[in-house]
Structures are given as structure tokens and as C-alpha cells.
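Numbering (the UniProt record's numbering), first residue to last: 1 to 61.
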């Protein structure tokens with residue numbers, strides 16, 4: 001049981017790390033090209049976070 005939780009946490013942390021990288025890349029890209037609105041970037045970010053949290057919860061159950 002604890003082993004499964006540890007694996008879940010590792011997956012969760014790696015996904016969070018991916019989001020942080022993706023977000024910084026998106027913001028750098030946004031600053032260079034100025035093609036999307038900040039709200040669109042935030043929507044995308046929220047969508048990513050929501051999916052990861054959902055996966056994490058289902059993993060624990």
C-alpha cells in the first residue's frame with residue numbers, strides 16, 4: 001500500500017516538474033512571439049494541473 005503511494009507521489013512530482021518547465025517555456029515563447037493572450041496560457045495551465053490532480057487522486061484510490 002505505502003509502496004503504491006510512493007510511486008504515485010513520484011509520478012505526481014515528475015508531472016508537476018513537467019508543468020513548471022512547460023509553463024516557463026510557454027511564457028518565454030509568449031514573450032518572444034506575443035501570439036496568445038495570458039488568459040489562454042492560464043487556462044492551459046489550469047487544465048494541466050486539474051488533469052494531474054485527477055490522475056493523482058485516482059491513483060491513490
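Think of the CB as a built atom: it goes at the ideal place given N, C-alpha and C, for glycine as much as any other residue.
Quantities reported herein were computed from a predicted structural model and do not represent experimental measurements.
My assumption, with CB atoms under 8 angstroms, is that residue 44 sits in contact with residue 12. Please give the rounded CB distance.
Residue 44 sits at position 44 when you count from the first residue of the chain shown. Residue 12 sits at position 12 when you count from the first residue of the chain shown. Incorrect: roughly 19 angstroms between the Cβ atoms, too far for contact.
Look at the Cβ atom of residue 19, then the Cβ atom of residue 49, and state whether they are nearer than 8 angstroms.
Position 19 of the chain shown, counted from the start, is the residue given in the question as residue 19. Position 49 of the chain shown, counted from the start, is the residue given in the question as residue 49. The answer is yes: Cβ separation under 8 angstroms.
Cα separation between residue 74 and residue 52?
Any property of residue 74 remains undetermined from this structure, which presents the chain solely from 1 to 61.
Under the three-state reduction of DSSP, which class applies to residue 23: helix, strand or coil?
Position 23 of the chain shown, counted from the first residue, corresponds to residue 23. In this structure, residue 23 counts as helix in the three-state DSSP scheme.
Going by beta carbon distance, what residues of the same chain come within less than 8 angstroms of residue 40, once the five residues before and after it are set aside?
Numbered from its first residue, the chain shown carries residue 40 at position 40. Excluding residues within five positions, none has a Cβ falling inside 8 angstroms.
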